[in-house]
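For reference, the structure is listed below as structure tokens.
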Amino acid sequence: MAVYRRGYQRYEGALTNHFGRMMVIPRYSWERILSQRFVTILLVVSLFWPVLCAGFVYLANHTELWQGLGGGLKRFLAINGRFFAVFMNVQSTFALIMAAVAGPGLIAPDLVNNALPLYFSRPMTRQDYILSRLIVLLGILSLVTIVPGMLLFGMQVGIAGFDWFIQNWYLGAAIFFGFLLYIGVVSLVALTSSAYVKWRVVAGALVLAFFFLLTGAAEMVNHVFRVDWASALNPAYALNTVWAGMLDIDIPDDKPGVMECATFLLAISGGLLAALARKLRPVEVVR
Amino acid sequence: MTPWQQIWTIARLELGRVFFSKRSFWVYLLAIFPSVIFTGHAIDATLKARQWSGRGEKITAEVMNKLQTGMTDQEVLRLAGKPVTDFERTRRPRRREEDPDAEKQPEVRRYMMYFDGKRRVDLRFEDGKLVGRNTRDLLNFEEDRKVYAGMFQFFYLRLGVFFGCLGIFINLFRGEMLDRSLHFWFLAPVKREVLLLGKYCAGLIAASLIFGGGALLSFLAMALPQDPAELQTFWQTNGVEHAVWYVAAAMLGCVGYGSVFLAAGLLLKNPIAPAIVMLLWESMNGFLPDVMQKLSVLHYLQSICPVPVPLPSDMPTVMKMLLAPAAPSSAAVAVGGLLGVTALVLFAATQAVRRLEINYSTEA
Chain F
432 MAVYRRGYQR
442 YEGALTNHFG
452 RMMVIPRYSW
462 ERILSQRFVT
472 ILLVVSLFWP
482 VLCAGFVYLA
492 NHTELWQGLG
502 GGLKRFLAIN
512 GRFFAVFMNV
522 QSTFALIMAA
532 VAGPGLIAPD
542 LVNNALPLYF
552 SRPMTRQDYI
562 LSRLIVLLGI
572 LSLVTIVPGM
582 LLFGMQVGIA
592 GFDWFIQNWY
602 LGAAIFFGFL
612 LYIGVVSLVA
622 LTSSAYVKWR
632 VVAGALVLAF
642 FFLLTGAAEM
652 VNHVFRVDWA
662 SALNPAYALN
672 TVWAGMLDID
682 IPDDKPGVME
692 CATFLLAISG
702 GLLAALARKL
712 RPVEVVR
Chain E
114 MTPWQQIWTI
124 ARLELGRVFF
134 SKRSFWVYLL
144 AIFPSVIFTG
154 HAIDATLKAR
164 QWSGRGEKIT
174 AEVMNKLQTG
184 MTDQEVLRLA
194 GKPVTDFERT
204 RRPRRREEDP
214 DAEKQPEVRR
224 YMMYFDGKRR
234 VDLRFEDGKL
244 VGRNTRDLLN
254 FEEDRKVYAG
264 MFQFFYLRLG
274 VFFGCLGIFI
284 NLFRGEMLDR
294 SLHFWFLAPV
304 KREVLLLGKY
314 CAGLIAASLI
324 FGGGALLSFL
334 AMALPQDPAE
344 LQTFWQTNGV
354 EHAVWYVAAA
364 MLGCVGYGSV
374 FLAAGLLLKN
384 PIAPAIVMLL
394 WESMNGFLPD
404 VMQKLSVLHY
414 LQSICPVPVP
424 LPSDMPTVMK
434 MLLAPAAPSS
444 AAVAVGGLLG
454 VTALVLFAAT
464 QAVRRLEINY
474 STEA
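As they're listed, the protein sequences go chains F and E. Here the first sequence is numbered in the numbering used here, starting from 432 and rising by one per residue. Here the second sequence is numbered in the numbering used here, starting from 114 and rising by one per residue.
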């Protein structure tokens with residue numbers, strides 16, 4: 432057939448499975464993100480704290496090493512919800528910085544270069560696109576949150592035994608689902624910033640500003656109005672409170688509880704998702 | 114044209130862009146946010162006083178003082194009458210490590226609130242006994258001034274001015290590179306140092322006006338709704354002085370942070386890394402040794418703030434032990450130190466801008 436006679440023809444061949452198609456974006460993105468020097472440095476630095484915590488777990492489970500050093504030490508060296516809450520708090524800071532570095536480059540370049548029509552002309556929906564970008568961040572942020580967290584929990588189970596696991600299995604679930612929730616919120620903030628701000632640098636600053644400024648604003652409202660409910664508007668506090676509920680730690684009576692904080696997180700995630708979906712449309716405006 | 118005239122011309126051209134661009138919108142929001150909150154507080158206090166006066170018994174200060182811990186809820190109701198608010202909350206007890214199988218009895222807590230026209234008292238009952246009592250004024254000038262000082266140092270300087278300057282000053286050079294328009298400036302017959310100073314002046318004028326104005330506005334929003342007699346005394350003693358120092362601190366913050374972010378935008382392709390480092394450095398400022406605390410912009414800004422901020426009462430003891438704020442520098446040293454550091458940073462930036470080569474293809 433002559434070349435000029437070849438018109439448009441729909442591809443009729445076999446398609447790769449849905450999940451496989453979705454994983455194409457993460458596969459390439461992970462490679463690109465992990466090749467950045469700053470990300471490597473951050474990954475290494477973020478592993479110091481889990482290593483220290485692993486030492487703590489070892490020490491806590493070898494009573495013979497600190498026998499005769501006082502009863503207060505026993506309470507201090509207990510591996511419980513409080514210990515994992517501190518661990519999660521520290522690791523979440525690294526995850527936030529990682530999201531500020533890795534997140535903004537995920538959507539902004541596609542929007543700046545009008546690449547969305549190229550994605551959506553393939554068998555990929557908007558939901559698939561957002562989900563695949565979320566998977567990119569899930570994979571990267573898991574390396575500093577879920578992976579070390581579960582390894583630490585596994586180490587404690589390995590040393591303390593199956594009985595400890597039976598009594599404290601909920602701690603493992605709290606680490607996994609707590610971090611998953613954190614990654615979800617942080618990733619949505621990073622992706623929305625990336626979708627609305629075309630400069631990677633500014634989008635990165637916006638991710639940090641979102642968390643720091645909301646924390647400051649919530650504290651300001653609390654102090655000026657002499658109330659406590661505004662703490663729920665602080666994403667860091669809200670996440671910590673939900674974690675505390677999962678880890679079975681006491682929550683101050685006068686501050687917003689788990690339900691209030693979870694509702695705020697749901698609302699904020701819904702808002703961010705709606706904002707993302709509004710921005711990600713395969714159209715090109717010609718002025 | 115003298116270099117000063119060139120600097121002013123460049124600054125004038127840039128000013129419009131900094132003040133009126135869509136990208137500056139959020140900077141205005143940051144600057145006026147505290148004044149919105151303080152205005153909201155004044156409106157809230159007025160509305161609450163009106164609302165609470167019409168609900169429940171309006172008790173006298175004498176009765177309020179008689180409400181002591183250990184009293185039963187019935188005794189309180191007999192003494193003070195119907196409260197403004199009264200509700201119960203059932204609390205699930207936590208799992209106890211020493212006896213995880215112990216039967217868990219839900220704890221019922223009762224909360225009441227009374228109002229005497231100026232003060233409110235919150236009462237907390239457990240098992241029918243008053244165990245917690247908290248009295249506070251609806252509007253308390255002394256307390257509000259402390260709250261303002263805390264807000265100014267913890268929110269306005271550390272976050273508002275910091276992120277505002279990050280946005281404004283990084284935009285001056287890095288923004289032009291991303292927009293691929295910097296070469297137009299470089300084609301103009303001016304020295305690059307002059308261009309840098311012109312752009313810095315534009316950023317500084319805009320940031321100082323926005324954040325200095327924001328500081329003044331929020332200070333007025335905090336002070337004006339207070340009791341007129343107290344307010345008059347305040348203005349006659351040190352009110353004006355406080356307002357001036359707060360505005361000066363905000364402006365000097367713009368001077369210091371502005372120079373750092375301008376230089377970061379020139380020296381590094383991704384200025385977010387130094388911004389993160391600086392944010393962490395300034396955040397842990399109080400925990401560092403004296404000498405190192407003096408290497409931060411925040412130390413000098415806090416030194417000229419008129420009201421020191423007390424440590425939060427709910428701060429863990431370990432943190433209080435670690436926190437050792439350095440003695441504040443004198444106003445002259447603080448201002449001089451900040452200006453000196455700014456001059457040094459700007460000098461480094463002028464060296465960088467001289468060697469700057471534009472390669473738009475690597476920017477994204």
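Note that beta-carbon positions come from the ideal geometry of N, C-alpha and C, so glycine has one too.
- Within the stretch 516 to 604 of chain F, the alpha helix (DSSP H) runs of at least 4 residues that lie entirely inside it are, in chain order, 539 to 543, 547 to 551, 557 to 573 and 577 to 591.
- Judged by beta-carbon spacing, E/N383 lies within the 8 Å limit of F/V632, meaning their Cβ atoms are closer than that value.
- Non-local C-beta neighbours of F/A531 in its own chain, meaning closer than 8 Å and more than five positions away in sequence, comprise A621, G635, A636, V638 and L639, ordered along the chain.
- Residues of the stretch 247 to 268 of chain E that bring their beta carbon within less than 7 Å of a beta carbon in chain F comprise R249, V260, G263, M264, F267 and F268, in sequence order.
- Distance from E/F324 to E/G366 at the Cβ level is roughly 7 Å; contact confirmed, criterion being Cβ atoms closer than 8 Å.
- The CB of F/F518 never comes closer than 9 Å to any CB in chain E; the least such distance is about 17 Å.
- Neighbours of F/V475 across chain E, judged by C-beta separation under 7 Å, do not exist; the nearest C-beta is about 15 Å away.
- Between F/I464 and F/A533 the beta-carbon gap is near 5 Å, inside 8 Å, which marks them as a contact.
- Here E/R130 carries a helix assignment [DSSP, helix/strand/coil].
- Taking the Cα positions, E/A386 is about 26 Å away from F/I561.
- Within the DSSP bridge table, the entry for E/Y227 names E/V234 as partners.
- DSSP places E/D250 in the uninterrupted beta strand (DSSP E) bounded by K242 to D250.
- When Cβ-Cβ separations below 8 Å define contact, E/R191 makes no contact with chain F.
- Neighbours of F/G635 in chain E, taken as residues at a C-beta separation under 8 Å, are given in chain order as N383 and I385.
- CA-to-CA, the gap between E/D235 and E/Q339 works out to about 23 Å.
- Look at the stretch 274 to 312 of chain E and you find these whole runs of alpha helix (DSSP H), each 4 residues long or longer: 275 to 283 and 295 to 300.
- One Cα belongs to E/F132, the other to E/R125, and the distance between them is close to 11 Å.
- Residues of the stretch 124 to 150 of chain E with a Cβ closer than 9 Å to any Cβ of chain F, in chain order: R136, W139, L143, F146, P147 and I150.
- Of the residues F/S573, F/L612 and F/Q587, the one whose Cα lies closest to the Cα of F/G486 is F/Q587.
- The criterion of a C-beta distance shorter than 8 Å is satisfied by F/M529 and F/I571.
- Within the stretch 633 to 663 of chain F, V633, G635, A636, L639, A640, F643, L644, G647, A648, E650, M651, V652, H654, V655, F656 and R657 place their CB atoms closer than 8 Å to a CB of chain E, listed in sequence order.
- Put simply, the backbone Cα of F/V476 is about 24 Å away from that of E/L408.
- Nearest to F/F643 by C-alpha distance, out of E/G277, E/Q118 and E/Y313, is E/G277.
- Beyond the five residues adjoining it in sequence on each side, F/Y627 comes within less than 7 Å, by CB distance, of K710 in the same chain, given in chain order.
- Given a length threshold of 4 residues, each whole run of the alpha helix (DSSP H) inside the stretch 354 to 425 of chain E is given here in chain order: 385 to 396, 403 to 406 and 410 to 416.
- For the stretch 155 to 166 of chain E, the beta-carbon criterion of a distance under 8 Å to any beta-carbon of chain F is satisfied by D157.
- Here the alpha carbons of F/L645 and E/V189 stand approximately 40 Å from one another.
- Excluding five sequence positions before and after E/E201, the CB atoms of its chain that fall closer than 8 Å to its own CB belong to V221, R222, R223 and Y224, given in chain order.
- At a cut-off of 8 Å between C-beta atoms, F/A433 does not count as an interface residue with respect to chain E.
- Relative to E/N472, the option among E/W121, E/L330, E/E289 and E/A144 whose CA is nearest is E/E289.
- The beta carbon of F/F469 falls within 8 Å of a beta carbon belonging to chain E, placing the residue at that interface.
- For E/L451, the closest C-alpha among the options E/A440, E/S396 and E/G369 is that of E/G369.
- Within the DSSP secondary-structure output, E/V221 pairs in a beta bridge with E/T203.
- Under the three-state reduction of DSSP output, E/T173 falls in the coil class, being neither helix nor strand.
- Note on geometry: alpha-carbon atoms of E/Q464 and E/H355 lie some 38 Å from one another.
- Taking 8 Å as the CB threshold, F/A531 lines the interface with chain E.
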